[in-house]
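Chemist: Can you keep this structure in mind? I'll have questions shortly.
4 protein chains.
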Amino acid sequence: MIVVMDEGATESQVQAVIDRLVEREFTVHRSTGVVHTLLGGVGPEDEVDPAEFLVMDGVKECRRIASPYKLASRHFRPGGTVVKAGAVEIGGERVVVMAGPCSVESRDQILRAAEQVARAGATVIRGGAFKPRSSPYSFQGLGEAGLVLLREAADAHGLVTVSEVMDSTQIPLLSRYADILQVGARNMQNFNLLRELGKLRQPVLLKRGIAATVEELLLSAEYILSGGNYDVILCERGIRTFESSTRNTMDLSAIPVVKKLSHLPIVADPSHGTGRRDHVGAMARAAVAAGADGLLIEVHPDPDRALSDGAQSLRPEQFEELMQQLRIIAPAVGRSV
Amino acid sequence: MIVVMDEGATESQVQAVIDRLVEREFTVHRSTGVVHTLLGGVGPEDEVDPAEFLVMDGVKECRRIASPYKLASRHFRPGGTVVKAGAVEIGGERVVVMAGPCSVESRDQILRAAEQVARAGATVIRGGAFKPRSSPYSFQGLGEAGLVLLREAADAHGLVTVSEVMDSTQIPLLSRYADILQVGARNMQNFNLLRELGKLRQPVLLKRGIAATVEELLLSAEYILSGGNYDVILCERGIRTFESSTRNTMDLSAIPVVKKLSHLPIVADPSHGTGRRDHVGAMARAAVAAGADGLLIEVHPDPDRALSDGAQSLRPEQFEELMQQLRIIAPAVGRSV
Amino acid sequence: MIVVMDEGATESQVQAVIDRLVEREFTVHRSTGVVHTLLGGVGPEDEVDPAEFLVMDGVKECRRIASPYKLASRHFRPGGTVVKAGAVEIGGERVVVMAGPCSVESRDQILRAAEQVARAGATVIRGGAFKPRSSPYSFQGLGEAGLVLLREAADAHGLVTVSEVMDSTQIPLLSRYADILQVGARNMQNFNLLRELGKLRQPVLLKRGIAATVEELLLSAEYILSGGNYDVILCERGIRTFESSTRNTMDLSAIPVVKKLSHLPIVADPSHGTGRRDHVGAMARAAVAAGADGLLIEVHPDPDRALSDGAQSLRPEQFEELMQQLRIIAPAVGRSV
Amino acid sequence: MIVVMDEGATESQVQAVIDRLVEREFTVHRSTGVVHTLLGGVGPEDEVDPAEFLVMDGVKECRRIASPYKLASRHFRPGGTVVKAGAVEIGGERVVVMAGPCSVESRDQILRAAEQVARAGATVIRGGAFKPRSSPYSFQGLGEAGLVLLREAADAHGLVTVSEVMDSTQIPLLSRYADILQVGARNMQNFNLLRELGKLRQPVLLKRGIAATVEELLLSAEYILSGGNYDVILCERGIRTFESSTRNTMDLSAIPVVKKLSHLPIVADPSHGTGRRDHVGAMARAAVAAGADGLLIEVHPDPDRALSDGAQSLRPEQFEELMQQLRIIAPAVGRSV
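Protein chains in written order, with our numbering: chain E, 268 to 604; chain D, 268 to 604; chain P, 268 to 604; chain W, 268 to 604.
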């Protein structure tokens, strides 16, 4: 803990802070400057809220020294983590492309989608069976029936599956059909759900909340890791800003930032990041160029007939063209697609 | 649905949009301007995503006409809703003050808190038993034991209780002890939870997510209302912005905005809104002056010893002083405290 | 300067940082913790960019200790500053209300406005002669002719004037007619303009930029103060966030924050803060309740015919009613209107 | 203008809006739906503020149909604009790399920088002589002496120059030495400056403000274009968001968005966009992959000794390596570097 005392702080105010730090079992190092006194406290930072010191008289600033996450930190595994889902490795040399429709809608739709994305080079198929929708009046997904179809389509084309879990009660069901369980942006701080996923031994794809900092994303990963499940894949999918020409603003700098702070792989979702089919390609290419370990892309056999997110779904031929471009870009960062 | 065609849109592009609107069962009104053609579609807006039209060739803009929420709209109850919780009315003439500690920590703590806030004029006591914490290593609440203590303290002083529910599985437990069930900001879009709360016949206090627009807040309320539970109290508790001198930025203009758009009562939480005890008073006064129906304020008998959020909790004497100030302000907006 | 070394920092990395600090003429205090080493540097912080240390190998974090502003800091004048403009004192016991139209449009308009706002209790009249407009095709103001009319109207009713200066070349002209020179939000970091205003001996009203932190606002004030002009009035007028139901989001917590950090008075502009007449009253009341030293409000004799910002201008009778409400609220914070 | 009437709007409220539209010289098309009435107004949108209608009784929403910018719109030049600065073409097949130090500091520094960036493949050299600094106590640039040195260095290596103009009074000076005049992010809405630059016949590089939408950026370009200067290059350099792990958040989706809305070329500045040398490479690669017409990158012969922005400046060898990577990526989007 670092406490910076205010310019006009009195000696008794400094002493009160030292006393409180000692009471909280910190060892205190004091640096008395001409203007400011600086207190460095070494101790149980996790258990103490810096704001507690911040509101004491004479305190200008108080901050933690240590990262609030431990297991998600790169120090924990300097070499990086490769998550294995079936035959697919996320975080290795190859950039993994996960593609498919927003929702599983019918047997025909998901079988066609699987065939199309597999042919173009994707190794993971996505498809939602439970959909979190802002409006209670929107299509909410096929439920278990959708998962059965997703599994069938994946198996027919040798693909790995990823699908969203909305609630801790759905974990057993999802585990049966999905190789990778996805936590949506709105659930990034659903701590009960995260804790339950920590008990699994199956990969989890954790999406960044639209207002979550990178640090908060890593703290949410920590909930899962601290339960013993180390197979967490992070996902940048756009944050909320004042700009409204795209649905969200993709924060692609989060990719190198996460790579520096954490050992966990990170993928990018340009479909939700932009909300518009015509900008998905540019952001997908940019994510790979920025060093993403993979992509999560919505592709639909017939986007104009999609029951959800049709506007941000690529047509199969657009997806194929994009894959060609990615094959050119990946070598620039020492990867392949 | 309003579709604005692009400056250079061809007649066949216009026709394609009209055809799609008709296929989606909209009646179309066309206005052909010198530069832009405008299509007004009357039909089942809830089931169609405007982005679907937005990405069609020649389309400049597409927007819904109707509000996506119905039951939460002021048109549904022009006179406004008064939510009753025990003897307390939220949304009536009196500004309701809900106060108490962040977490229930011990019998002594919560009994003292109840006595102090009741004496100062609060009619509802708050106190968390299940705490959503960013870090898995922080204090997570006393659970049911905390609820028992909260109930005892409330009953001893004739207070109504409000406490947070984190998960749909906790609803039966919370319902037994809490008069008002609180949904935290991080759960504002936990749709499974909202749907289950819609089946209750007990008031729900729904906090605005830190990145949620007012429209999204009302849509989340709609999830509860559409289940038949009309007793929803909204709560402004600060949004996330670039400013870091306060933990969040209270959006007090949300109060008059909600009053105009919805019939539901809205309260303000200046403790989470600022994160700092020294700014809570200013924001509490401002919220009442802006027309809030109530306040949710953290007050702790001994904030320096609080297990959570001590830095933003008022001391009992600060709370009393604040209540005096609120009594001066409320008449300016035709209310009392 | 505080430098926190990374968990895995080597001794030679620590030494490199110490060497660089010494080279930059800092005295270094070292605290070696179990996990992190902490370096406190006392020296010429203003001349060194913390990012310089941040990108060194083994560094986790680097921050300034001292505030980057000196003269704007409350330590410089703990008692607070009262700015005098004619007979009006901003920052004293009385909450100062500055009101009038967005732009001066005609002699009749500004004379009527002056009469109306003076009667209701305003002591300063506002009115733009040079208008910064997002579009080059919008009304750009009457220029000097507008200033002449503003002066005449003010003098007829014993009012003080405030008007916007857009460029350093306009300072001589504005100085002649305006008692207080206003710097608009878009110019908050027009440093050449600020520097020139520092040479004046006339009050300056400095609006916060829509994306400026409180610290940046105080740094911009520092530009003016460092030239010897101490009569600076700050103004909160809304920041840009993701919420779009109001034009901007008023950050009313900036009022108590500024009061704590600085000795300068701060006023609030609810007209630009909300952009909608129907929400101006709520935010004006809230600002006074939060401790603002004054208000800047757009009032137009006939808003439906205004050439700019009509939608956010109060009608004279609305302004009168608001003034009555403010007279009730001000005593709650020990002030009068 | 589109006006959507409220659900409960009365016929007389609808009529009042129609009357006002007619008075403002709009032709009105009315669509009466089951729930909402929709009014489409064709007329002089530039002169009317939609908010004027928005605050009328019974109005739910009001928006412009037409883009507020005309000359900056892609419709004005569907084929796109290629800006010529000396022998360099921005907006053509080749991705243009502009590189060099933040500030010109000395003859030796700028000559070495020019030699290094030219050798690596840059065709434009950047270097500031007038520096907008948040603090009045920071290094403010060498002024004209810096421009003389920049010109000398550029000429020695056949480079084109770009340098920042902070104020309209500096235009004549900058025009003499800089081939491209740069407008900084803080000045994006310094309308007097923009208007004066519109009178020049020299390329202008206009940086996006940190809180500016793409629409506002294009409106600022419109100020320059409407004066007759069509040689405007836009620049994405990061926007302000809640995320603090990078100085700003680069909005790379602005690149495809601008490409769709406007004919003007757009470059990206990953140095200011990230503020950290270690993330510049990733964002530079991403920008090219997203379709940027060029890059603006800070490169310093010895960043550890830079007087400004050293932390975000690449070392010469890092820049060379980056250029190699960009040569691999550009063909993926049909370009070369």
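By construction, the Cβ of each residue, glycine as well, lies at the ideal position given by its N, Cα and C atoms.
1. Kindly list the residues whose CB is nearer than 6 Å to the CB of residue 529 (chain P), restricted to its own chain and excluding five residues on each side of it in sequence; keep chain order.
2. If you follow the alpha helix (DSSP H) that residue 278 (chain E) is part of, which residue opens it and which one closes it?
3. Cα separation between residue 379 (chain P) and residue 491 (chain D)?
4. Can you check whether the C-beta of residue 509 (chain W) is within less than 9 Å of a C-beta belonging to chain E?
5. In chain order, what residues of the same chain lie with their CB nearer than 7 Å to the CB of residue 494 (chain D), ignoring the 5 residues before and after it?
6. Per DSSP, which residues does residue 396 (chain E) bridge with? Please list them.
7. Do residue 357 (chain P) and residue 470 (chain P) have their C-beta atoms closer together than 9 Å?
8. Is there contact here, the region 362-372 of chain P with the region 283-302 of chain W, by at least three beta-carbon pairs under 8 Å?
9. Output the distance between the C-alpha atoms of residue 496 (chain E) and residue 488 (chain E), rounded to the nearest integer angstrom.
10. Is the region 505-515 of chain W in contact with the region 539-546 of chain E, if contact means three or more CB pairs nearer than 8 Å?
11. By alpha-carbon positions, which one of E:437, E:600, E:428 ends up nearest to residue 389 (chain E)?
12. In whole angstroms, what separates the C-alpha of residue 599 (chain E) from that of residue 588 (chain W)?
13. Are the CB atoms of residue 308 (chain D) and residue 270 (chain D) within a distance shorter than 9 Å?
14. Count Cβ pairs between the region 315-329 of chain P and the region 313-328 of chain E that sit closer than 8 Å; are there 3 or more?
15. Using the Cα positions of residue 418 (chain D) and residue 516 (chain P), report the straight-line distance between them to the nearest angstrom.
16. Give me the Cα-Cα distance between residue 325 (chain E) and residue 281 (chain E), rounded to the nearest whole angstrom.
17. When we look at the beta-carbon of residue 289 (chain D) and count the other beta-carbons within 10 Å, is it buried (16 or more) or exposed?
18. Going by CA-CA distance only, name the one from D:446, D:435, D:442 that's closest to residue 456 (chain D).
19. Residue 504 (chain E): buried (16+ other C-beta within 10 angstroms of its C-beta) or exposed?
20. Note the first and the last residue of the continuous alpha helix (DSSP H) segment covering residue 541 (chain E).
21. Report yes or no: do the region 383-402 of chain E and the region 572-592 of chain E share at least 3 C-beta pairs separated by less than 8 Å?
22. Residue 502 (chain P) and residue 544 (chain P): beta carbons closer than 9 Å?
23. In the DSSP assignment, find the unbroken alpha helix (DSSP H) run with residue 548 (chain W) in it and report its ends.
24. Work out the CA separation of residue 534 (chain W) and residue 451 (chain E) for me, nearest whole Å.
25. Go ahead and pull the three-state DSSP assignment for residue 419 (chain W).
26. So, using beta-carbon positions, are residue 363 (chain P) and residue 577 (chain P) closer together than 9 Å?
27. Please decide whether residue 552 (chain D) counts as near chain P, where near means a Cβ-Cβ distance under 9 Å.
28. Whole angstroms are fine: how far does the CA of residue 439 (chain P) sit from the CA of residue 395 (chain P)?
29. Can you find a CB in chain P that lies within less than 9 Å of the CB of residue 322 (chain W)?
30. What residues in its chain sit with their C-beta under 6 Å from that of residue 336 (chain E), if we drop five residues either side in the sequence?
31. Taking CB distances under 9 Å as the criterion, tell me whether residue 592 (chain P) reaches chain D.
32. How would you label residue 568 (chain W), buried or exposed, when you count the other beta carbons within 10 angstroms and need 16 or more for buried?
33. Is it right to say residue 532 (chain D) is buried, meaning 16 or more other beta carbons lie within 10 angstroms of its own, or is it exposed?
34. Run through DSSP, which three-state label would residue 342 (chain E) get?
35. Can you give me the Cβ contacts of residue 361 (chain W) inside the same chain, cut-off strictly under 6 Å, excluding the 5 residues immediately before and after it?
36. Distance, Cα to Cα, residue 383 (chain D) vs residue 481 (chain E)?
Modeler: So, from the data block:
1. Along the third sequence, read from residue 1 onward, the residue named residue 529 (chain P) stands at position 262. Cβ within range, chain order: 339, 341, 485.
2. Mapped onto the first sequence, residue 278 (chain E) falls at position 11. Membership of residue 278 (chain E) in the alpha helix (DSSP H) is indicated by the continuous run 278-290.
3. Residue numbering aside, residue 379 (chain P) sits at position 112 when the third sequence is read from its first letter. Residue numbering aside, residue 491 (chain D) sits at position 224 when the second sequence is read from its first letter. Taking the straight line joining both Cα atoms gives about 51 Å.
4. On the fourth sequence, position 242 is the one that residue 509 (chain W) refers to. With 9 Å as the cut-off, residue 509 (chain W) counts as an interface residue toward chain E.
5. Here residue 494 (chain D) corresponds to residue number 227 of the second sequence, with the count starting at 1. Closer than 7 Å at Cβ, skipping near neighbours: 462, 465, 466.
6. Here residue 396 (chain E) refers to the residue found at position 129 when the first sequence is read from its first residue. Answer is none; residue 396 (chain E) lacks a bridge partner.
7. One-based indexing of the third sequence puts residue 357 (chain P) at position 90. One-based indexing of the third sequence puts residue 470 (chain P) at position 203. Their beta carbons are under 9 Å apart, which means residue 357 (chain P) touches residue 470 (chain P) by this criterion.
8. no
9. Stepping through the first sequence from its first residue, residue 496 (chain E) is reached at position 229. Stepping through the first sequence from its first residue, residue 488 (chain E) is reached at position 221. Distance between residue 496 (chain E) and residue 488 (chain E), taken at the CA atoms: about 10 Å.
10. no
11. Counting from one through the first sequence, the residue named residue 389 (chain E) turns up at place 122. Closest by alpha carbon: E:428.
12. In the first sequence, counting from the first residue as 1, residue 599 (chain E) sits at position 332. In the fourth sequence, counting from the first residue as 1, residue 588 (chain W) sits at position 321. For residue 599 (chain E) and residue 588 (chain W), the distance between alpha carbons rounds to 10 Å.
13. Along the second sequence, read from residue 1 onward, the residue named residue 270 (chain D) stands at position 3. Along the second sequence, read from residue 1 onward, the residue named residue 308 (chain D) stands at position 41. Cβ atoms of residue 270 (chain D) and residue 308 (chain D): closer than 9 Å.
14. no
15. Walking along the second sequence from the start, residue 418 (chain D) turns up at place 151. Walking along the third sequence from the start, residue 516 (chain P) turns up at place 249. In a straight line, the C-alpha of residue 418 (chain D) is about 38 Å away from that of residue 516 (chain P).
16. The residue labelled residue 325 (chain E) in the question sits at position 58 within the first sequence. The residue labelled residue 281 (chain E) in the question sits at position 14 within the first sequence. Approximately 7 Å between the Cα atoms of the pair.
17. Position 22 of the second sequence, counted from the start, is the residue given in the question as residue 289 (chain D). Burial is judged here by how many other beta carbons sit within 10 angstroms of a residue's own beta carbon; residue 289 (chain D) has fewer than 16 and is exposed.
18. For the purposes of this step, residue 456 (chain D) is taken as the residue at position 189 of the second sequence. Measuring from the Cα of residue 456 (chain D), the nearest candidate turns out to be D:435.
19. Counting from one through the first sequence, the residue named residue 504 (chain E) turns up at place 237. Its Cβ being crowded by 16 or more others within 10 Å, residue 504 (chain E) is buried.
20. What you label residue 541 (chain E) is simply residue 274 of the first sequence in a count that begins at 1. Unbroken alpha helix (DSSP H) run through residue 541 (chain E): 537-541.
21. Contact between the region 383-402 of chain E and the region 572-592 of chain E is present: 3 or more CB-CB pairs across the two stretches fall below 8 Å.
22. Here residue 502 (chain P) corresponds to residue number 235 of the third sequence, with the count starting at 1. Here residue 544 (chain P) corresponds to residue number 277 of the third sequence, with the count starting at 1. Cβ distance not < 9 Å, so residue 502 (chain P) and residue 544 (chain P) don't count as in contact.
23. Residue 548 (chain W) sits at position 281 when you count from the first residue of the fourth sequence. Where residue 548 (chain W) is concerned, the enclosing alpha helix (DSSP H) stretches over 544-556.
24. Residue mapping note: residue 451 (chain E) aligns to position 184 of the first sequence, counting from 1. Residue mapping note: residue 534 (chain W) aligns to position 267 of the fourth sequence, counting from 1. Computed Cα separation, rounded: 33 Å.
25. One-based indexing of the fourth sequence puts residue 419 (chain W) at position 152. Helix, per DSSP.
26. Here residue 363 (chain P) corresponds to residue number 96 of the third sequence, with the count starting at 1. Here residue 577 (chain P) corresponds to residue number 310 of the third sequence, with the count starting at 1. Cβ atoms of residue 363 (chain P) and residue 577 (chain P): not closer than 9 Å.
27. Along the second sequence, read from residue 1 onward, the residue named residue 552 (chain D) stands at position 285. Cβ-Cβ to chain P under 9 Å: yes for residue 552 (chain D).
28. Residue numbering aside, residue 395 (chain P) sits at position 128 when the third sequence is read from its first letter. Residue numbering aside, residue 439 (chain P) sits at position 172 when the third sequence is read from its first letter. Roughly 16 Å separates the two Cα atoms.
29. Working through the fourth sequence from its first residue, we reach residue 322 (chain W) at position 55. Cβ-Cβ to chain P under 9 Å: yes for residue 322 (chain W).
30. Residue mapping note: residue 336 (chain E) aligns to position 69 of the first sequence, counting from 1. Cβ within range, chain order: 485, 486, 489.
31. On the third sequence, residue 592 (chain P) is found 325 positions in, with the first residue counted as 1. So, interface residue.
32. Here residue 568 (chain W) is taken as the residue at index 301 of the fourth sequence, counted from 1. Buried.
33. What you label residue 532 (chain D) is simply residue 265 of the second sequence in a count that begins at 1. Answer is buried; the Cβ neighbour count reaches 16.
34. For the purposes of this step, residue 342 (chain E) is identified with residue 75 of the first sequence, where counting begins at 1. Reduced to three states, the DSSP call for residue 342 (chain E) is helix.
35. Taking the first residue of the fourth sequence as position 1, residue 361 (chain W) is located at position 94. Closer than 6 Å at Cβ, skipping near neighbours: 603.
36. Counting from one through the second sequence, the residue named residue 383 (chain D) turns up at place 116. Counting from one through the first sequence, the residue named residue 481 (chain E) turns up at place 214. One C-alpha to the other measures close to 40 Å.
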